[in-house]
Amino acid sequence: MFAPSQLDVRRFFCATYRKLREQLPLIPMEAIAAEWIEQHPEYHAELADEEAALAAVYSVEDGRTNPFLHLSMHLTISEQQSIDQPHGIAQAIQLLAARRNSLHEAHHAAMECLGEMIWASQRSGLPPDGHQYLDCVSKKATRR
Numbered sequence: 001m002f003a004p005s006q007l008d009v010r011r012f013f014c015a016t017y018r019k020l021r022e023q024l025p026l027i028p029m030e031a032i033a034a035e036w037i038e039q040h041p042e043y044h045a046e047l048a049d050e051e052a053a054l055a056a057v058y059s060v061e062d063g064r065t066n067p068f069l070h071l072s073m074h075l076t077i078s079e080q081q082s083i084d085q086p087h088g089i090a091q092a093i094q095l096l097a098a099r100r101n102s103l104h105e106a107h108h109a110a111m112e113c114l115g116e117m118i119w120a121s122q123r124s125g126l127p128p129d130g131h132q133y134l135d136c137v138s139k140k141a142t143r144r
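Last residue of the sequence shown: number 144 in the UniProt record's numbering, and the count goes up by one each step with no gaps.
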């Protein structure tokens, strides 16, 4: 299992952004990341300065969104959709995107569920509950 460090993740996104700007070839994971980077121009300055990105601290108290966490969640949800894991997530995200008229907004809604699942897992010490996550996304997709 691949478990990149925080610095690895930051280097990956900064390098992907550099390659995107320089119109260099991207490997498949970078191509997916580049799509999400393009949809978040508010992160471009941070991604352009790798040295600052590696040293940056993002705390809730400062009110700053961690662009690397946000983009990583987009990648996670994209990967979940592509392999339909947990089973049913691809359809739930598709329905949510149709409901929100935006795949991007569907991802942001699913991120809330993903974050809740991770938080609950960390708090309880139990493995992440994919069924709870899928249920949360499905509810957002079908709620009136």
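Every residue, glycine too, gets a C-beta built ideally from N, C-alpha and C.
Output needed for glutamate 30: all residues of its chain with C-beta closer than 7 Å, excluding positions within five of it in sequence on either side, in chain order. Correct list, in chain order: Thr16, Lys19.
Express the C-alpha separation of arginine 21 and alanine 48 in angstroms, rounding to a whole number. Using only the alpha carbons, I get a separation of about 9 Å.
Of the residues Arg99, Gln132, Ala110, which one's Cα is nearest the Cα of arginine 143? Nearest C-alpha to arginine 143 among Arg99, Gln132, Ala110: Arg99.
Of the choices Gly88, Cys14, Gln122, Gln23, whose alpha-carbon is the least far from that of serine 72? Cys14
Nearest-angstrom Cα separation, counted from isoleucine 37 out to alanine 43: What sits at residue 43 in the sequence shown is tyrosine, not alanine. For tyrosine 43 and isoleucine 37, the distance between alpha carbons rounds to 8 Å.
What number of angstroms, rounded off, separates the C-alpha of methionine 1 from the C-alpha of proline 28? Because methionine 1 carries a pLDDT of 45, less than 50, the predicted location of this residue cannot be relied on, and no value is offered for it.
Measure the alpha-carbon distance for glycine 139 versus alanine 55 and round it to whole angstroms. The amino acid occupying residue 139 in the given sequence is lysine; glycine does not appear at that position. Roughly 38 Å separates the two Cα atoms.
Tell me which residues share the same chain as leucine 95 and place their Cβ nearer than 6 Å to its Cβ, disregarding the 5 neighbours each side in the sequence. Ala141
Is it the case that the region 100-117 contacts the region 63-79, given that we only count it when at least three CB pairs across the two stretches are under 8 Å? yes
I'd like the span of the alpha helix (DSSP H) that includes leucine 69, first residue to last. Run containing leucine 69: 67-83, per the alpha helix (DSSP H) assignment.
Which one of Val137, Glu51, Glu46 has the shortest CA to CA distance from arginine 64? Glu46
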